[in-house]
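For reference, the structure is listed below as structure tokens.
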Ligand SMILES: [Ca+2]
Ligand SMILES: [Ca+2]
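In my numbering, the protein residues as written are 57 to 440.
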């Protein structure tokens, strides 16, 4: 993505607005990008957006309480930012927020950095304090339908994964499909990658082992071919593209077989269903998953009929009663293990005035590209 294409014309009043808002340092520090309404970090170090305030709670041995010093700073010598620094006993907590000019409304980048100060390895918890009514997913926090916060990957959280589950931003739609004919009831409930996000599942298996994986589909929205074409990838097997209408027809349960293998030897079998490149409907769906032991392939008609469930090592009614997320979730807390004098940083992306936060699976923005975009827009602004 090119930051220059995403910036907007800057009204002259914006500069006056910046001066006005930066003068509020006693109450907090405002920050923005040229031409956008500002966000604020308040005197408590909370990021204040039009959807609410986000704060950080620190815990752990030797961690004490202290109010932060909030100040306006310049990142990379040019990006206006707000920074809250607090000495918290064993550690120093530094919260930094700046606006990146991501199309169309901008994105606020909120970095939480913890530095170990006493020369002893420390375990610290970083919990997010979120507004009431927010719902936490794997990588996003939503308020109503709006994605208001993008989270670092759960691998960074220290949270323990389950044996299997989904790890994506797709939605469960129980009863969505209307399969005709006798079939496993698992076909009725689906998960859908609304907003063009992929559907991703992970199963624990013995490292390097093989398995027969069956993915079950039933398209109940489209009646014509060429709409929702799917690209299915199961680790260790060749990818398969399928147009469920062309292959099986509307409301007709169908299944694809994959000779899977834990190719990278991490003891996990990864599978992804996403929209095919030429799909008109970019929201992928998935109805069911069966994992069978390696060996002779299972008869797909019998799998569809639900007659081989007892032989499967896993049968998942995707979007149904026995489905589950890979990470239990609940409390949004990150566990950091800091070596002596070490530090760790967690980066969150926040929706700012009228905008949404980028969904990781559907957006190319990273902490690095957002920072580069902010740097470029402020350099251009300075040269005007
Ligand atoms: Ca693997
Ligand atoms: Ca299902």
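No residue lacks a Cβ here, since even glycine has one placed at the ideal position from N, Cα and C.
With a 10 Å radius around its C-beta and 16 neighbouring C-beta atoms as the bar for buried, classify residue 172 as buried or exposed.
To locate residue 172, count along the chain shown from 1; it is residue 116. Label assigned to residue 172: buried.
Which whole runs of the beta strand (DSSP E) in the stretch 346 to 376 are 3 residues long or more, in chain order?
Correct list: 370 to 372.
Near residue 84, what residues of its chain come up, given a Cβ to Cβ distance below 8 angstroms and the 5 sequence neighbours on each side ignored?
To locate residue 84, count along the chain shown from 1; it is residue 28. Around residue 84: 96, 97, 98, 99, 104, 126 and 138.
Within 8 angstroms, do at least three Cβ pairs link the stretch 287 to 298 to the stretch 326 to 335?
Touching, yes, given that three or more Cβ pairs across the two stretches are closer than 8 angstroms.
Could you tell me which of 319, 269 and 335 sits nearest to residue 300, measuring between CA atoms?
Translated into positions along the chain shown, residue 300 becomes position 244. Considering only alpha carbons, the answer is 335.
Pull up the DSSP beta-bridge partners for residue 381, would you.
Taking the chain shown and counting its residues from 1, the one referred to as residue 381 is at position 325. DSSP, once it has assigned bridges, lists 222 as partnering residue 381.
Any C-beta of chain C sitting closer than 8 angstroms to the C-beta of residue 101?
Protein chains in the displayed structure number just one, and chain C is not present.
Beta carbon of residue 325: closer than 7 angstroms to some heavy atom of ligand 1?
By 1-based counting over the chain shown, the position of residue 325 is 269. Flag set: Cβ of residue 325 near ligand 1.
How is the alpha helix (DSSP H) around residue 300 delimited, first residue to last?
Numbered from its first residue, the chain shown carries residue 300 at position 244. It spans 300 to 303 - the alpha helix (DSSP H) in which residue 300 sits, taken as one unbroken run.
Consult DSSP for residue 80 and reduce its assignment to one of helix, strand or coil.
As a first step, residue 80 is located in the chain shown; it is residue number 24 there, counting from the start. Low confidence applies here, because residue 80 scores a pLDDT of 42, under 50, leaving its location unreliable and the question unanswered by this model.
So, at 7 angstroms on beta carbons, what are the nonlocal neighbours of residue 344 in its own chain, with the 5 sequence-adjacent residues on each side left out?
What you label residue 344 is simply residue 288 of the chain shown in a count that begins at 1. Here the set comprises 240, 242, 243, 272, 372, 373 and 374.
Closest by CA to residue 180, which one among 402, 433, 413 and 91?
Your numbering for residue 180 matches position 124 in the chain shown. The shortest C-alpha separation from residue 180 is found at 402.
Which two residues bound the contiguous alpha helix (DSSP H) that contains residue 436?
Stepping through the chain shown from its first residue, residue 436 is reached at position 380. Unbroken alpha helix (DSSP H) run through residue 436: 423 to 439.
What is the rounded straight-line gap between the Cα of residue 253 and the Cα of residue 370?
On the chain shown, residue 253 is found 197 positions in, with the first residue counted as 1. On the chain shown, residue 370 is found 314 positions in, with the first residue counted as 1. Roughly 24 angstroms separates the two Cα atoms.
Count the C-beta pairs between the stretch 198 to 214 and the stretch 414 to 432 that are closer than 8 angstroms, then say yes if the count reaches three, no if not.
Yes, they touch.
Between which residues of its own chain and residue 355 is the CB-CB distance below 8 angstroms, once the five residues before and five after are set aside?
Along the chain shown, read from residue 1 onward, the residue named residue 355 stands at position 299. 364.
Classify residue 77: buried if its beta carbon has 16 or more other beta carbons within 10 angstroms, exposed otherwise.
To locate residue 77, count along the chain shown from 1; it is residue 21. At residue 77, the pLDDT of 43 sits below 50, so the modelled position is not reliable; the number obtained from the coordinates is stated separately. Under this definition residue 77 is a buried residue.
Report the CB separation of residue 151 from residue 140 in whole angstroms; it is logged as a contact under 8 angstroms.
In the chain shown, the residue the question calls residue 151 occupies position 95. In the chain shown, the residue the question calls residue 140 occupies position 84. Indeed, because the Cβ distance is near 4 angstroms, the residues count as touching under 8 angstroms.
Could you tell me the distance, in whole angstroms, from the CA atom of residue 378 to the CA atom of residue 200?
Start at 1 with the first residue of the chain shown, and residue 378 comes out as number 322. Start at 1 with the first residue of the chain shown, and residue 200 comes out as number 144. Approximately 26 angstroms between the Cα atoms of the pair.
Flag residue 320 as yes when its Cβ comes closer than 7 angstroms to any non-hydrogen atom of ligand 2, and as no otherwise.
If you number the chain shown from 1, residue 320 lands on position 264. No; taking the cut-off as 7 angstroms, the Cβ of residue 320 has no heavy atom of ligand 2 nearer than that.
Return the CA-CA distance between residue 390 and residue 178, expressed in angstroms with no decimal places.
On the chain shown, residue 390 is found 334 positions in, with the first residue counted as 1. On the chain shown, residue 178 is found 122 positions in, with the first residue counted as 1. Roughly 14 angstroms between the two C-alpha positions.
Could you check whether residue 156 and residue 168 sit closer than 8 angstroms to each other, using their CB atoms as the reference points?
The sequence position of residue 168 within the chain shown is 112, counting from 1. The sequence position of residue 156 within the chain shown is 100, counting from 1. No; because the gap between Cβ atoms is not below 8 angstroms, this pair is not in contact.
Residue 97 lies in the beta strand (DSSP E); which residues open and close that run?
In the chain shown, the residue the question calls residue 97 occupies position 41. Here the beta strand (DSSP E) through residue 97 covers 95 to 98.
So, for residue 269: in the same chain, excluding its five sequence neighbours on each side, which residues have a beta-carbon less than 6 angstroms away from its beta-carbon?
What you label residue 269 is simply residue 213 of the chain shown in a count that begins at 1. Excluding sequence neighbours, residue 269 sits near 290, 314, 316 and 347.
Answer yes or no: do residue 409 and residue 161 have a C-beta to C-beta separation smaller than 8 angstroms?
Within the chain shown, residue 409 is the residue found at index 353, counting from 1. Within the chain shown, residue 161 is the residue found at index 105, counting from 1. The answer is yes: Cβ separation under 8 angstroms.
Using only the heavy atoms of ligand 2, determine whether one of them is closer than 7 angstroms to the beta carbon of residue 360.
Here the question's residue 360 lines up with position 304 in the chain shown. Flag unset: Cβ of residue 360 not near ligand 2.
What residue ranges within the stretch 257 to 303 form continuous alpha helix (DSSP H) runs of no fewer than 4 residues, ordered along the chain?
Those alpha helix (DSSP H) runs which fall completely within the stretch 257 to 303 and span 4+ residues are 300 to 303.
By Cβ distance, which residues of its chain are closer than 7 angstroms to residue 280, with the 5 residues on each side in sequence left out?
The residue labelled residue 280 in the question sits at position 224 within the chain shown. Once the five neighbours on either side are set aside, the close Cβ partners of residue 280 are 301.
Applying the criterion that 16 or more other CB atoms from any shown protein chain within 10 Å of the CB defines a buried residue, is residue 120 buried or exposed?
Position 64 of the chain shown, counted from the first residue, corresponds to residue 120. By the neighbour-count rule (16 or more Cβ atoms within 10 Å), residue 120 is not buried but exposed.
Please state whether DSSP places residue 212 in a helix, a strand or coil.
As a first step, residue 212 is located in the chain shown; it is residue number 156 there, counting from the start. It is helical.
Checking the sheet assignment: what are the DSSP bridge partners for residue 401?
One-based indexing of the chain shown puts residue 401 at position 345. The partner list for residue 401 (beta bridge, DSSP) reads 169.
Rounded to a whole number of angstroms, what is the C-alpha to C-alpha distance between residue 267 and residue 324?
Locating residue 267 in the chain shown gives position 211, where the first residue counts as 1. Locating residue 324 in the chain shown gives position 268, where the first residue counts as 1. Their Cα atoms are separated by approximately 12 angstroms.
Relative to the C-alpha of residue 175, which residue among 190, 146 and 197 is closest?
The residue labelled residue 175 in the question sits at position 119 within the chain shown. Closest option to residue 175, Cα to Cα, is 146.
Taking all protein chains shown into account, decide if residue 133 is buried (16 or more other Cβ within 10 angstroms of its Cβ) or exposed.
If you number the chain shown from 1, residue 133 lands on position 77. Residue 133 should be labelled exposed.
Check residue 87 in the structure and name its three-state DSSP category.
To locate residue 87, count along the chain shown from 1; it is residue 31. In this structure, residue 87 counts as strand in the three-state DSSP scheme.
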